[in-house]
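Participant: Residue numbers (the working numbering), protein chains in the order written: chain C, 83 to 259; chain F, 83 to 259.
The beta-carbon is built from N, C-alpha and C at its ideal position, and this holds for glycine as well.
Owing to the predicted nature of the structure, the values given are computational and were not obtained by experimental measurement.
Take this structure first; my questions come after.
2 protein chains.
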Amino acid sequence: MHEKTIGSKTVFEGRIMRVEVLDVELPSGKTSTREIIRHGPAVAVIARRRDGRFVFIYQFRKAMERICFEVMAGNCDPGEESEISAIRELKEETGYTPDSIRFLSSIYPSMGYCDERIDVFYADVGEPGETNFDHDEEIKTILLTEEEMDKKIRTGNVQDAKTLAAWALYKNFLSEG
Amino acid sequence: MHEKTIGSKTVFEGRIMRVEVLDVELPSGKTSTREIIRHGPAVAVIARRRDGRFVFIYQFRKAMERICFEVMAGNCDPGEESEISAIRELKEETGYTPDSIRFLSSIYPSMGYCDERIDVFYADVGEPGETNFDHDEEIKTILLTEEEMDKKIRTGNVQDAKTLAAWALYKNFLSEG
Numbered sequence: 083m084h085e086k087t088i089g090s091k092t093v094f095e096g097r098i099m100r101v102e103v104l105d106v107e108l109p110s111g112k113t114s115t116r117e118i119i120r121h122g123p124a125v126a127v128i129a130r131r132r133d134g135r136f137v138f139i140y141q142f143r144k145a146m147e148r149i150c151f152e153v154m155a156g157n158c159d160p161g162e163e164s165e166i167s168a169i170r171e172l173k174e175e176t177g178y179t180p181d182s183i184r185f186l187s188s189i190y191p192s193m194g195y196c197d198e199r200i201d202v203f204y205a206d207v208g209e210p211g212e213t214n215f216d217h218d219e220e221i222k223t224i225l226l227t228e229e230e231m232d233k234k235i236r237t238g239n240v241q242d243a244k245t246l247a248a249w250a251l252y253k254n255f256l257s258e259g
Numbered sequence: 083m084h085e086k087t088i089g090s091k092t093v094f095e096g097r098i099m100r101v102e103v104l105d106v107e108l109p110s111g112k113t114s115t116r117e118i119i120r121h122g123p124a125v126a127v128i129a130r131r132r133d134g135r136f137v138f139i140y141q142f143r144k145a146m147e148r149i150c151f152e153v154m155a156g157n158c159d160p161g162e163e164s165e166i167s168a169i170r171e172l173k174e175e176t177g178y179t180p181d182s183i184r185f186l187s188s189i190y191p192s193m194g195y196c197d198e199r200i201d202v203f204y205a206d207v208g209e210p211g212e213t214n215f216d217h218d219e220e221i222k223t224i225l226l227t228e229e230e231m232d233k234k235i236r237t238g239n240v241q242d243a244k245t246l247a248a249w250a251l252y253k254n255f256l257s258e259g
């Protein structure tokens, strides 16, 4: 099970992604093409307050043309270690600073055609301070208990795969519920 | 919270995706650009055998340059209803035919820059028949109990976001464990 690259070209070079078309040779000897998005690493943070509630966000997503419910997340700056990115994004998007932070696992949103890696962290957080959005972000925070989040999932109201994935990691790594 | 499209161009039109760059006007009145992948709908299937074990797959993913552990998934054919796609992909990739199938929820792997929707299904399956791979697919099946899957997640060995997301949906919708 391996596909040898026999040709490649970059067909789009953007601000957050590069698109490549690869010619590959399959194990059978046949050839095919693969369209692949190259995307820098990112982070996602499950943050839990001292009162036991978890911090999630609502933000408008142009690809979806609607406001979406998500875990806090963002791209790493070039060369930035992912734990530093996680602390930075948490502070920028919600104003929270972690009392402690722990790496859970790396996940990949679209293994079939995108190489983006998202490092998922769990953070215990204190009181929120000031936020510091990117100039083109607008974010609202929502607080949910573990039971409220489980119910939100059960009723089909969590549709972001990385948020569901991060929650599954939290549940398996840390939850006693 | 809305971003008005004030310009758009298609920068790549491929076999499985189209890439657009949109100029947007933010609520603040400032402008920005959004790089967006247009991708057809897809399906993922959590399949459970009569012996209680779940069917997952290993397949080589060029974007990752390695063999990946995933739930069964695939793209809908043009105009194909997603439940039909789910039954077809299940049969093609693993040889299983569902005794019954149930829609759980729609998920979105990369809300920030991609409009792909994945409809997640749960299927009870009987004995496997013959598989029928696409000419450029090579897939191996693995069977896991619910406890084995939970352990695989807990040890960081499930890295595909849609697989973790589908499992979180299954756990919240159907599991009694």
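What residues of chain C sit near Asp105(F), judged by a beta carbon separation below 8 Å?
Facilitator: Within chain C, no residue comes near Asp105(F); the closest Cβ sits about 11 Å away, beyond 8 Å.
Participant: Considering just the uninterrupted stretch of the alpha helix (DSSP H) at Asp232(F), what are its terminal residues?
Facilitator: It spans Glu228 to Arg236 - the alpha helix (DSSP H) in which Asp232(F) sits, taken as one unbroken run.
Participant: Report yes or no: is there a C-beta of chain C within less than 7 Å of the C-beta of Tyr190(F)?
Facilitator: Closer than 7 Å to some Cβ of chain C, the Cβ of Tyr190(F) qualifies, so yes.
Participant: Tell me whether Arg170(F) sits in a helix, a strand or coil according to DSSP, three-state version.
Facilitator: DSSP places Arg170(F) in helix when its eight states are reduced to three.
Participant: Mapping the DSSP letters down to three states, classify Ser187(C) as helix, strand or coil.
Facilitator: DSSP places Ser187(C) in strand when its eight states are reduced to three.
Participant: Please classify Leu278(C): is it buried, with 16 or more other beta-carbons within 10 angstroms of its beta-carbon, or exposed?
Facilitator: The shown model of chain C, from 83 to 259, leaves out residue 278(C), and the question about it has no answer.
Participant: What residues in the segment 157–174 of chain C have a beta carbon less than 7 Å from any beta carbon of chain F?
Facilitator: Listed by position, the residues of the segment 157–174 of chain C near chain F (Cβ gap below 7 Å) amount to none.
Participant: Just the chain C side, please: which residues come within less than 9 Å of Ala205(F) by C-beta, in chain order?
Facilitator: By Cβ distance, chain C contributes nothing, its closest Cβ being about 18 Å from Ala205(F), past 9 Å.
Participant: Thinking C-alpha only, which one of Gln141(C), Arg170(C), Ala248(C) and Asp206(C) is nearest Lys222(C)?
Facilitator: It is Gln141(C).
Participant: Got a sec: is the Cβ-Cβ distance from Ser187(F) to anything in chain C below 7 Å?
Facilitator: Judged by the 7 Å Cβ criterion, Ser187(F) is in contact with chain C.
Participant: Quick one: Cα of Thr113(F) to Cα of Asp201(C), how far?
Facilitator: One C-alpha to the other measures close to 30 Å.
Participant: Please state the DSSP three-state secondary structure of Lys91(F).
Facilitator: Strand, per DSSP.
Participant: Run down chain C in chain order and give the residues with a C-beta less than 7 Å from the C-beta of Glu220(F).
Facilitator: Ordered by position in chain C, the residues that pass the 7 Å Cβ test against Glu220(F) are Met83 and Pro109.
Participant: Around the Cβ of Glu198(C), are there at least 16 other Cβ atoms within 10 angstroms (buried) or fewer (exposed)?
Facilitator: Classification of Glu198(C): buried, given that the 10 Å Cβ count is 16 or more.
Participant: Just to confirm the assignment, what range does the beta strand (DSSP E) spanning Asn157(C) have?
Facilitator: Counting along the chain, the beta strand (DSSP E) containing Asn157(C) begins and ends at Met154 to Asn157.
Participant: Report the CB separation of Ala124(F) from Leu246(C) in whole angstroms; it is logged as a contact under 8 Å.
Facilitator: Ala124(F) to Leu246(C), Cβ: 15 Å. No contact.
Participant: By the DSSP assignment, the beta strand (DSSP E) with Ala124(C) in it spans what residues?
Facilitator: Ala124 to Arg131 is the extent of the beta strand (DSSP E) around Ala124(C).
Participant: Whose Cβ in chain C lies nearer than 7 Å to the Cβ of Asp201(F)?
Facilitator: Correct list: empty, because the minimum Cβ distance to chain C is about 11 Å.
Participant: Buried or exposed: which applies to Asn254(C), given that a residue is buried once 16 or more other Cβ atoms fall within 10 Å of its Cβ?
Facilitator: Buried is the call here.
Participant: Should His121(F) go down as buried or exposed, given a rule of 16 or more other Cβ atoms within 10 Å for buried?
Facilitator: Counting Cβ neighbours within 10 Å, His121(F) comes out buried, since at least 16 surround it.
Participant: If you drop the 5 nearest sequence neighbours on each side, which residues of the same chain put their C-beta closer than 6 Å to that of Glu107(C)?
Facilitator: Same-chain partners within the cutoff: Lys86, Ile88 and Thr113.
Participant: So which of Trp249(C), Leu104(C) and Ala243(C) has the shortest CA-CA distance to Tyr190(F)?
Facilitator: Ranking the options by Cα distance to Tyr190(F), first place goes to Ala243(C).
Participant: According to DSSP, which residues form a beta bridge with Gln241(C)?
Facilitator: Paired residues: none, contrary to the question.
Participant: Shorter than 7 Å from the beta carbon of Val125(F) to some beta carbon of chain C?
Facilitator: No - not a single Cβ of chain C is within 7 Å of the one on Val125(F).
Participant: Say whether chain C places a C-beta atom closer than 7 Å to the C-beta of Ala145(F).
Facilitator: Output row for Ala145(F): interface = yes.
Participant: What did DSSP end up calling Tyr204(C) once you bin it into helix, strand or coil?
Facilitator: If DSSP states are grouped into helix, strand and coil, Tyr204(C) belongs with the strands.
Participant: Please classify Arg148(C) as buried or exposed, where buried requires at least 16 neighbouring CB atoms within 10 angstroms.
Facilitator: Exposed: under 16 other Cβ atoms inside 10 Å.
Participant: Which same chain residues end up closer than 8 Å to Ile235(C) when comparing Cβ atoms and leaving out the 5 residues on each side of it in sequence?
Facilitator: For Ile235(C), where only same-chain residues beyond five positions count, the Cβ hits under 8 Å are Leu246 and Trp249.
Participant: Report yes if the CB atom of Phe94(C) is closer than 7 Å to the CB atom of Val93(F), and no otherwise.
Facilitator: Closer than 7 Å, so yes.
Participant: Could you tell me which of Gly96(C), Glu117(C), Ile98(C) and Arg132(C) sits nearest to Asp105(C), measuring between CA atoms?
Facilitator: The shortest C-alpha separation from Asp105(C) is found at Glu117(C).
Participant: Would Phe138(C) count as contacting chain F if we go by Cβ distances under 7 Å?
Facilitator: Output row for Phe138(C): interface = no.
Participant: Against chain F, does Met193(C) count as a neighbour if the rule is that its beta carbon must be under 7 Å from one of theirs?
Facilitator: So yes, Met193(C) belongs to the interface.
Participant: Restricting to Cα atoms, I'd like to know which of Asp181(C), Ser90(C), Glu152(C) and Gly177(C) is closest to Ala126(C).
Facilitator: The candidate whose alpha carbon is nearest that of Ala126(C) is Glu152(C).
Participant: Once DSSP output is grouped into helix, strand and coil, what is the label at Thr176(C)?
Facilitator: Helix at Thr176(C).
Participant: Report the option in Cys150(F), Ser188(F), Tyr252(F) and Arg130(F) whose CA atom is closest to the CA atom of Pro180(F).
Facilitator: Pro180(F) has its Cα closest to that of Arg130(F), out of Cys150(F), Ser188(F), Tyr252(F) and Arg130(F).
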